[in-house]
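The opening position of the sequence shown corresponds to residue 17 in this note's numbering, with each subsequent residue numbered one higher.
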Amino acid sequence: MRPEHLDLLACPQCRSDLRLHPDALIADGRVETGRLECTRCHQHFPIQRFIPRFVPSENYAAGFGFEWLQHARTQYDSYTGVPVSEKRFFEETRWPRQLHGERILEVGCGSGRFTEQAARTGAMIVSIDYSVAVEACYASNGHLPNVLVAQGDIYRLPVRHDFFDRLFCFGVLQHTPRPAEAFLALPPHLKPGGWLAVDVYKRNDTLRGHIGKLFGTKYFVRPLTRRMAPERLYRCVNTYVRTMWPLARLIHRIPKIGRWLNWRLLIADYRDVYPLSEKHLLEWAILDTFDMLSPRYDFPQTLETVRQWFAQAGLIEVDVHFGYNGIEGRGRRPLS
């Protein structure tokens, strides 16, 4: 973080201002190590490796931290040369590409693939993640003057209320212990009139959905895999996907059901979905297969439930429908 970023943060406990302790080590205009102190409750929060930390490093998102440190650049457009993240970011948010003078809060930055896109709008971006994935995000985006990366809890975000022009939360809510509560923690940080964009895995409660679940393998093996140490699970996934990859290429050629079969075989198959090279398709397969199996929590939602969340939050101009990641939703905080 930079000293001038202090105005973007707030005590997650009492929402008061924070001050930088005089013993902070500042290098090239950025705070490398130090402490933040709440001006009201006097709680201290460390700054480590340029990142303010508001949660313990070990938490239920440890698997995600491991995942994104292993695949720090895998999903970056600047790495693949294909605008997958750019396309998703702007299609899912429906925000303008130029947002100079605005402030955007990103909740659940992971490795920072969408941080990169948000930063290009010219807005001031505050990117927060619960896991040590913030290390990967900072490595790729922390040098930018309009990006602040922090480690914090979605239920007690270390930022101000009534402060941000826009907020997005992609790929996060289904992996929290209490998704509805996590969602409802987001809108208070928006200014009146501010815009919110989120997504969440979809749950299909129709007969077809229940039949499909019977043939699914992800939720059959997750009771075992989510309890495995991330390092051990990743070794298993890496070996399995690489071994199965030649067969997966052949299976994909089966008309209509090839890609479906690969996903049932726990191979994240993005052929004909994203125009990636063979190398990048394999990296994405390893990453997303691990991502399917490792999270401690995985709570898909129905359209009706997500619409209820928006209604409970009092948001207006609501648009909730099937889309990226299963269900995507947008809304706006009322002006008064």
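We treat Cβ as the ideally placed atom computed from N, Cα and C, and that holds for glycine.
These figures come from a predicted structure and were not determined experimentally.
Distance between residue j and residue i (C-alpha atoms, nearest Å)
{"i": "Arg348", "j": "Val214", "result": "12 Å"}
{"i": "Lys272", "j": "Thr137", "result": "39 Å"}
{"i": "Leu154", "j": "Gln29", "result": "According to the sequence shown, residue 154 is Tyr rather than Leu. So the alpha carbons of these two residues sit roughly 24 Å apart."}
{"i": "Glu122", "j": "Ile141", "result": "7 Å"}
{"i": "Ser32", "j": "Ala43", "result": "27 Å"}
{"i": "Phe161", "j": "Arg69", "result": "A quick correction: the sequence has Pro, not Phe, at residue 161. Roughly 19 Å between the two C-alpha positions."}
First and last residue of the uninterrupted beta strand (DSSP E) at residue i
{"i": "Ser143", "result": "140-145"}
{"i": "His60", "result": "60-64"}
{"i": "Trp211", "result": "206-216"}
{"i": "Glu122", "result": "119-123"}
{"i": "Ala201", "result": "Counting along the chain, Ala201 falls outside any beta strand (DSSP E), and DSSP gives it neither H nor E."}
{"i": "Glu344", "result": "342-348"}
Residue span of the alpha helix (DSSP H) that contains residue i, given as start and end
{"i": "Lys234", "result": "234-241"}
{"i": "Ile302", "result": "294-309"}
{"i": "Glu107", "result": "100-109"}
{"i": "Ala135", "result": "129-135"}
{"i": "Glu74", "result": "Segment: none, Glu74 is in no alpha helix (DSSP H) and carries neither H nor E."}
Backbone secondary structure at residue i - three-state DSSP
{"i": "Leu331", "result": "coil"}
{"i": "Thr321", "result": "helix"}
{"i": "Gln29", "result": "coil"}
{"i": "Ile42", "result": "strand"}
{"i": "Ile273", "result": "coil"}
{"i": "Asp93", "result": "helix"}
{"i": "Leu266", "result": "helix"}
{"i": "Leu115", "result": "coil"}
{"i": "Leu183", "result": "strand"}
{"i": "His87", "result": "coil"}
{"i": "Leu34", "result": "strand"}
{"i": "Cys54", "result": "strand"}
{"i": "Ala166", "result": "strand"}
{"i": "Pro19", "result": "helix"}
{"i": "Gly158", "result": "coil"}
{"i": "Phe338", "result": "strand"}
Best match in the options for proximity to residue i [C-alpha to C-alpha]
{"i": "Gln328", "options": "Arg136, Ile141, Ala264, Pro203", "result": "Pro203"}
{"i": "Val163", "options": "Leu212, Gly97, Cys125", "result": "Cys125"}
{"i": "Gly356", "options": "Asp335, Arg242, Arg172, Ile267", "result": "Because the chain spans 17 through 352 in this model, residue 356 falls outside it and cannot be assessed."}
{"i": "Thr109", "options": "Phe326, Trp279, Leu183", "result": "Leu183"}
{"i": "Leu282", "options": "Arg269, Ala40, Val253, Pro62", "result": "Val253"}
{"i": "His337", "options": "Thr259, Met260, Arg219, Ala245", "result": "Arg219"}
{"i": "Gly342", "options": "Cys54, Val322, Val71", "result": "Val322"}
{"i": "Val47", "options": "Arg18, Leu212, His58", "result": "Arg18"}
{"i": "Tyr95", "options": "Ala135, Ala149, Ser156, Asp145", "result": "Ser156"}
{"i": "Pro38", "options": "Gly45, Cys27, Leu25, Leu52", "result": "Leu52"}
{"i": "Leu85", "options": "Glu333, Glu247, Pro239", "result": "Glu247"}
{"i": "Val150", "options": "Thr192, Arg104, Ala88", "result": "Ala88"}
{"i": "Pro99", "options": "Glu118, Phe130, Phe82", "result": "Phe130"}
{"i": "Val175", "options": "Phe186, Ala152, His205", "result": "His205"}
{"i": "Leu146", "options": "Arg172, Ala134, Ala139, Glu132", "result": "Checking the sequence, you will find Tyr at residue 146 rather than Leu. Residue Arg172 is the option with its Cα nearest to Tyr146."}
{"i": "Gly210", "options": "Asp181, Ile120, Arg280", "result": "Asp181"}
Local Cβ density within 10 Å of residue i, reported as buried at 16 or more and exposed below that
{"i": "Ala284", "result": "buried"}
{"i": "Gly97", "result": "exposed"}
{"i": "Lys295", "result": "exposed"}
{"i": "Pro350", "result": "exposed"}
{"i": "Ser73", "result": "exposed"}
{"i": "Thr259", "result": "exposed"}
{"i": "Ile267", "result": "buried"}
{"i": "Ile332", "result": "exposed"}
Any non-hydrogen atom of the ligand COA closer than 8 Å to residue i Cβ
{"i": "Pro291", "result": "Absent from the structure shown: the ligand COA. Ligands present: none."}
9 Å Cβ cutoff, residue i in contact with chain B
{"i": "Met17", "result": "As a matter of chain content, chain B is missing from the structure shown, which is built from one protein chain."}
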